Amino acid sequence: MINNENSQSRFLRQLDIVPPEKLGFPITVIGAGAIGSAVVVTLAKMGCTDITVWDNDRLDDVNIPNQLCKPSMVGSLKVDALAELVEELTEIEIKKISRRYCGQYLEGVIIIAVDTMTTRLNAWKRIKLNPKIPLLIDARMGAEFARIYTIHPMNIVETDFYEHNLYNGDEAEHLPCSGRSIIYCPTVIAGLVTLIIKQYAVNHPVPREILIDLPQFVLQCTREGEIHGSSFLQPDESLHAV
6 MINNENSQSR FLRQLDIVPP EKLGFPITVI GAGAIGSAVV VTLAKMGCTD ITVWDNDRLD
66 DVNIPNQLCK PSMVGSLKVD ALAELVEELT EIEIKKISRR YCGQYLEGVI IIAVDTMTTR
126 LNAWKRIKLN PKIPLLIDAR MGAEFARIYT IHPMNIVETD FYEHNLYNGD EAEHLPCSGR
186 SIIYCPTVIA GLVTLIIKQY AVNHPVPREI LIDLPQFVLQ CTREGEIHGS SFLQPDESLH
246 AV
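Position in the sequence shown counted from 1, then plus 5, gives you the numbering used here.
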């Protein structure tokens with residue numbers, strides 16, 4: 006674990022951006038796959054120390070190219086592998102819950118990084134208008150495209166906007182197994198999610214929606230106070246974390 010004595014020296018290069026003492030609030034990440042693993046490692050690298058991760062899945066060989074893990078971890082629970090990696094890289098111990106999230110109690114900042122709309126809907130029932138959850142970040146990915154939603158659950162305008170972008174899992178676009186995920190997409194998403202956490206920590210504005218088209222090098226934002234930003238994606242395209 007990082008102690009107070011060495012935190013100032015360790016994070017010297019970012020002290021004017023975000024001091025470590027501002028990053029001690031609780032963060033829960035639902036999903037430890039491509040997006041979730043990259044987000045958790047990046048958050049820990051920045052200095053977030055109170056991270057809880059939900060996932061019941063085990064690592065498979067097919068996960069090695071697009072998730073932050075080691076080949077020797079194949080067969081391990083994703084949360085166990087991620088906890089080992091994070092501690093090795095940062096000396097931070099994350100809290101791990103090796104169960105599928107099905108609507109259990111939540112509090113603190115929530116990051117959704119899962120591949121099913123059912124899990125999103127279950128989480129949203131706990132998050133909406135919950136005064137103990139100040140911020141929701143929902144990251145979705147499909148191949149080389151992504152969306153990131155940042156919602157204040159007590160803000161009716163923002164909750165309505167978010168619910169407009171929730172849908173039944175049957176409506177999702179199903180990508181072929183060979184075209185679902187590639188490493189640079191979740192790592193870009195992780196950087197942006199971590200930037201949003203930094204913005205929140207220092208009380209700076211956050212975007213309500215970020216749309217990412219990596220092959221075209223396009224990133225578009227809908228900021229707080231805006232209704233909708235222009236989209237380069239078709240309305241019926243559905244993106245998930247994988």
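Cβ coordinates follow ideal geometry from the N, Cα and C atoms, glycine included.
Here the structure is a predicted model, which means the values were calculated and not measured.
Query raised in the report: For Ile-201, which of Ile-117, Ser-42, Val-211 has the nearest alpha-carbon?
Result: The shortest Cα separation from Ile-201 among Ile-117, Ser-42, Val-211 belongs to Val-211.
**Report entry** Identity of the residues DSSP links to Gly-147 by a beta bridge
**Finding:** For Gly-147, which the question treats as bridged, DSSP gives the partners Phe-150.
**Report entry** Contacting residues, own chain, Cβ-Cβ under 6 angstroms from Lys-137 (five flanking each side not counted)
**Finding:** Result list for Lys-137: Glu-112, in chain order.
Query raised in the report: Is Gln-225 helix, strand or coil when you go by DSSP?
Result: Under the three-state reduction of DSSP, Gln-225 is assigned to strand.
Query raised in the report: If you compare alpha carbons, which of Gln-225, Val-58, Ser-103, Leu-64 is closest to Ala-151?
Result: Looking at the Cα atoms, Gln-225 is the closest of the given residues.
Query - DSSP state of Ile-32 mapped onto helix, strand, coil - result: Three-state result, Ile-32: strand.
Report task. Look up Glu-163 in the DSSP assignment and say whether it is helix, strand or coil. Result -> Reduced to three states, the DSSP call for Glu-163 is helix.
Query raised in the report: By DSSP, does Pro-70 sit in helix, in strand, or in coil?
Result: It is coil, neither helix nor strand.
Query raised in the report: Can you give the Cα-Cα distance for Arg-18 and Pro-25, rounded to whole angstroms?
Result: For Arg-18 and Pro-25, the distance between alpha carbons rounds to 11 angstroms.
Query raised in the report: Pro-191 lies in the alpha helix (DSSP H); which residues open and close that run?
Result: Counted as a single uninterrupted DSSP element, the alpha helix (DSSP H) harbouring Pro-191 occupies residues 189 to 206.
Query - Residue from Asn-208, Asp-165, His-209, Thr-199 whose Cα sits closest to the Cα of Gly-41 - result: Nearest of Asn-208, Asp-165, His-209, Thr-199 to Gly-41, Cα basis: Thr-199.
Query - Where Gln-109 falls, given that 16 or more other Cβ within 10 Å makes a residue buried - result: Exposure of Gln-109 is indicated by the presence of fewer than 16 other C-beta atoms within 10 angstroms of its C-beta.
Query raised in the report: Is Thr-95 closer than 7 angstroms to Thr-255 when the C-beta atoms are compared?
Result: This structure gives no information on residue 255, because the portion of the chain shown stretches from 6 to 247.
**Report entry** Cβ-based burial, Asn-173 [other Cβ within 10 Å; buried from 16]
**Finding:** Within a 10 Å sphere around the beta-carbon of Asn-173 sit fewer than 16 other beta-carbons, which makes this residue exposed.
Query raised in the report: So Glu-92 is in the alpha helix (DSSP H); what residue range does that whole segment cover?
Result: Here the alpha helix (DSSP H) through Glu-92 covers 83 to 95.
Query raised in the report: What three-state label does DSSP hand Lys-100 in the structure shown?
Result: Three-state DSSP puts Lys-100 in a strand.
Query raised in the report: Opposite Glu-214 in the DSSP bridges: which residues?
Result: Note: Glu-214 sits in a beta bridge opposite Tyr-154, Thr-227.
Query raised in the report: Residues in its own chain within less than 6 angstroms of Val-79 by CB, not counting five upstream and five downstream?
Result: Its chain contains Leu-64, Asp-66 as the residues whose beta carbon lies nearer than 6 angstroms to that of Val-79, once the 5 sequence neighbours on both sides are disregarded; these appear in chain order.
**Report entry** beta strand (DSSP E) segment containing Ile-22, residue limits
**Finding:** Here Ile-22 belongs to no beta strand (DSSP E), and DSSP marks it neither H nor E.
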